[in-house]
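Numbering (the working numbering), first residue to last: 19 to 175. Note that beta-carbon positions come from the ideal geometry of N, C-alpha and C, so glycine has one too. Note sheet for the following structure.
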């Protein structure tokens, strides 16, 4: 006899998700503790990516430095913000970089980042790289289209 299959329910999905993503790792410091996610929820990865793209846009709009180093720093700060229990109100370029500096100066940054599974962090940076590449490709495409239109207009004169 074959086992009768049940129709998929949202309650079942929630239960599976809660089971899959419930594992936390605790790091204890002298006077404090922090919990971090062992496995990153895709929905949190999406939220982090959206935050990253918004911060990148903010930085570029306000002529702030956003090179590879700044991107790495912002990405790292967002990983800590989204995948740990840290209490912070940092939500913009300057706030996230300040949070990262404070954690580094307090000797918290390396122990926190070293406690994440490398594969999870690597997936985040790959996702961010892909998102930036997509935006860059679209900007290039728009620029090429505008250049082609201008060339056609100039040729009509």
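Within 8 Å, strictly: CB atoms of residue i and residue j
i, j, result
"residue 93", "residue 142", "yes"
"residue 88", "residue 108", "no"
"residue 70", "residue 78", "no"
"residue 101", "residue 38", "no"
"residue 104", "residue 45", "no"
"residue 43", "residue 54", "yes"
"residue 176", "residue 57", "Any question about residue 176 goes unanswered here, given that the chain covers just 19 to 175."
Bridge partner(s) assigned by DSSP for residue i
i, result
"residue 54", "43 and 102"
Neighbourhood of residue i by C-beta, 8 Å cutoff - its chain only, sequence neighbours within 5 removed
i, result
"residue 110", "73 and 76"
"residue 115", "88, 91, 92 and 95"
"residue 133", "43, 45 and 54"
"residue 35", "59"
"residue 160", "none"
Residue span of the alpha helix (DSSP H) that contains residue i, given as start and end
i, result
"residue 111", "111–123"
"residue 32", "28–38"
"residue 5", "Here the chain covers residues 19 to 175 and nothing more, so residue 5 does not appear."
"residue 132", "127–133"
Sequence-distant residues of its chain with Cβ nearer than 6 Å to residue i (five each side left out)
i, result
"residue 121", "127"
"residue 21", "none"
"residue 59", "39"
Cβ-based neighbour list, residue i, same chain, cut-off 7 Å, excluding 5 preceding and 5 following
i, result
"residue 146", "67, 70 and 93"
"residue 117", "95, 106 and 108"
"residue 82", "111"
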